[in-house]
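These notes concern the structure reproduced below.
2 protein chains.
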Amino acid sequence: ASQSHRQSALDHQAQLTKPAGSLGQLEQLAVTLASLQQTNTPAADRVSIAVFAADHGVCAEGISLFPQEVTGQMIANFVTGGAAISVMARELNAQLEVINLGTATPPPLTDGVIDEQIAPGTANLAEQAAMCDAQLQQALLAGDKAARRAADKGSQLFIAGEMGIGNTTSASALACALLGAAPAALAGPGTGLDSNGVQRKVTVIERALARHGDDPAPLTCLASLGGFEIAAIAGAFIGCAVRGVPVLVDGFIVSVAALAAVRLRPELTDWLLYAHRSQEPGHRLVLDALNAEPLLDLGMRLGEGSGAAVAVPLLRSACALHNHMATFADAGVSNSGND
Amino acid sequence: ASQSHRQSALDHQAQLTKPAGSLGQLEQLAVTLASLQQTNTPAADRVSIAVFAADHGVCAEGISLFPQEVTGQMIANFVTGGAAISVMARELNAQLEVINLGTATPPPLTDGVIDEQIAPGTANLAEQAAMCDAQLQQALLAGDKAARRAADKGSQLFIAGEMGIGNTTSASALACALLGAAPAALAGPGTGLDSNGVQRKVTVIERALARHGDDPAPLTCLASLGGFEIAAIAGAFIGCAVRGVPVLVDGFIVSVAALAAVRLRPELTDWLLYAHRSQEPGHRLVLDALNAEPLLDLGMRLGEGSGAAVAVPLLRSACALHNHMATFADAGVSNSGND
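Quick note, the sequences are listed as chains R and C, same order.
Quick note on this note's numbering: the first sequence kicks off at 4 and runs consecutively.
Quick note on this note's numbering: the second sequence kicks off at 4 and runs consecutively.
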């Protein structure tokens, strides 16, 4: 991030034909992007979206309403264009990648899917570590490769999405371990559990944490309680920061991946913008831990990166206003008595 | 609004490849637009933005940081393309109209400005009625004409913006009279007053309300405490509802105009969508009185219709998702055990 570009952007905002500060968070967004992109004309035109998909052994505990085969089916839906994130990628004219890190049931088609399969899903984290260290390294590397592809394409913004039946259980357990929080404070309905279902999820996470112990080391937590897609997202975010690509963080699961990544590499913090507050109740705690002020709060809880995609036009508006508004001098408009 | 289209839209949402309800307010937006537009494929592609500008005699009381000549200067900035709403209109490919209802200082250019001048600003509402009944009717009619132009163009969404130095004082006084609220609960910093300035504004509004009395009749309140642009916006919203054009309500001042319009024509309520919660503190009370749940809360307080313009992509995303996502059956994706 460039302090000189940040200051130039702040000075420019003060000259635009509007009361100082009257564009609120849009002003801060433009200034932040100018600083991260080291430019006087920040932009979010070239957007890369990478959806990471994987299955979760913890589904054996009956913690999701959807059958596990849906992970593979949705991989096909992503590439054939029918999923929410596919529709949004078209609307945004964004690059969409779908990365398969391993499913219990093979996707019904593989054309257009990037193959990074590690195993047909993680182990059941209620009973043993979700993955071994070698698998964790594979997942982190798969994420880093996605970041490298985005940087190579000149992307001005990176969005990670996730798909994996059962992954709110994994993300909740991981957040509990990273934050030292109680499962009841993090576990939520996910795709639509009733209160009995949420209670079952809490019990499963309690068993996982009893096995895991209280080790908050991010790599240990990721291997013990994470998912392949969650670890890959952490790897992708670290890879984006290293390569100078700003990240727009999606909802609950992606935010937990971001939390793990920030614990691993605190210098990542500056590169993360936050799109929305999910309806999943644990998201609030995770956002607070990240000092995040998300742009939207629309009661979304779909995942796939959809919340981040819906927020992209706000970044584009912020940039357009920053780049194209007239100054008081250019427009011949009198400024306030304050200035 | 069509109940059959509403039900069809709800049924369609339940078939899309996502957990039920997981797109939150975006689902409700698509369903509402389908119902208002009486269609299975709601859209917010053709957007009309009308910015109503006028001056306010209450500026004699020193309630704004900006000199009154800025109203006319900004009219020129709107049509030459340098203002925030001009930039946003281009980004959205929206129609932008600028309507001059009367300024203290003539705008430095008039090309492209729609001339609906009533007088060189209202009278000082602290001392006398802001306008006479004939002027109020002229303003309401100017708004209705804008609604008719939008309907004639086949607009799928109407946005009203406002410009008028001093108009947060008028809007706050008007809201107090309509709601029976205390000036201190409504008056805010506007374009940037400090606490002494806000206190002066409260005193001015108290004088205006002492003169006005406690008559909450909307036409009486509009003439006594309103502005030409505020009355025009009320007229435009009533005209949109009559002609079947949904409205996206901007910030504090436009919301007060909407409140006056709803008090005048309660059947207008269904046609109003709410874009954002302004940083102006009185907006919360006005939104509560309208049972409004705005989409955005970004600390904006610029006016011009800018907050509504920034929210348009959310409506477009909601429509694109509704119209283009695959169904469970089409995509071969298994639904949850719930369904």
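Every residue, glycine too, gets a C-beta built ideally from N, C-alpha and C.
Bear in mind the structure is a predicted one, so any value in this text is a computation, not a measurement.
In this chain, L293/C is not harboured by any alpha helix (DSSP H), its DSSP state being neither H nor E.
Around P45/R, no beta-carbon contact reaches into chain C at under 7 Å, the shortest distance being about 14 Å. For S175/C, there are no neighbours in chain R by C-beta distance under 8 Å, as the nearest C-beta there is about 16 Å away. Taking C-alpha positions only, S281/C is separated from Q159/R by approximately 29 Å. Closest in alpha carbon position to K156/R, among V90/R, A213/R, G247/R, is G247/R. Short of 7 Å from the beta carbon of G27/C, and not among the five residues preceding or following it, lies no beta carbon of its own chain. At a cut-off of 9 Å, the C-beta of P22/R has a neighbouring C-beta in chain C. Judged by their CB atoms, V315/C and A47/C are nearer to each other than the 9 Å cut-off. By DSSP's assignment, M166/C forms a beta bridge with A56/C. Going by DSSP, D147/R is part of the alpha helix (DSSP H) stretching over 136-155.
The shortest CA-to-CA distance from P109/C to any of R266/C, G167/C, A53/C, V61/C is the one to G167/C.
Beta-bridge partners of F161/C (DSSP): S51/C, V250/C. Residue-level contact by beta carbon fails for R287/R and chain C, as no gap is shorter than 9 Å. G169/R is classed as buried because its beta carbon has at least 16 other beta carbons within 10 Å across all chains shown. H59/C has a beta carbon lying at 9 Å or more from every beta carbon in chain R.
For the options P192/C, E94/C, E100/C, the alpha carbon positioned closest to that of D118/C is the one of E100/C.
When secondary structure is reduced to three states using DSSP, D14/C falls in the helix class. Taking one beta carbon from each stretch, the region 224-240 of chain C and the region 142-151 of chain C have 3 or more pairs nearer than 8 Å; the two touch. Along the region 97-127 of chain R, the positions whose C-beta sits under 8 Å from a C-beta of chain C are P111, read in chain order. Excluding the 5 residues flanking it on each side, F69/C has same chain C-beta neighbours closer than 7 Å at I168, T194, in chain order.
When the Cα atoms are used, Q16/R and E94/C turn out to be separated by approximately 19 Å. The alpha-carbon of A278/C is positioned some 12 Å away from that of R304/C. Neighbourhood of H327/C in chain R, by CB distance below 9 Å: G84, G85, S89, V90, R93, E94, in chain order. Secondary structure note for D333/R: its alpha helix (DSSP H) is the uninterrupted segment 331-334. Closer than 9 Å to the CB of P284/R there is not a single CB belonging to chain C. Counting the other Cβ atoms within 10 Å of the Cβ of D253/C gives 16 or more, which makes it buried. Shown here, D114/R sits in coil according to DSSP, grouped into three states, outside any helix or strand. Scanning the region 173-248 of chain C for uninterrupted alpha helix (DSSP H) segments of 4 residues or longer gives 186-189, 198-215, 221-228, 231-246, listed from N- to C-terminal end. Chain C has a Cβ within less than 9 Å of the Cβ of G195/R. The region 58-67 of chain R makes contact with the region 125-134 of chain R; the number of CB pairs closer than 8 Å reaches 3 or more. Here G230/C is buried: its Cβ has 16 or more other Cβ atoms, across all protein chains shown, within 10 Å. In its chain, beyond the 5 residues on either side, A132, H215 have a beta carbon closer than 6 Å to the beta carbon of S227/C. Pairing P123/R with Q76/R gives a Cβ-Cβ distance that is not under 9 Å.
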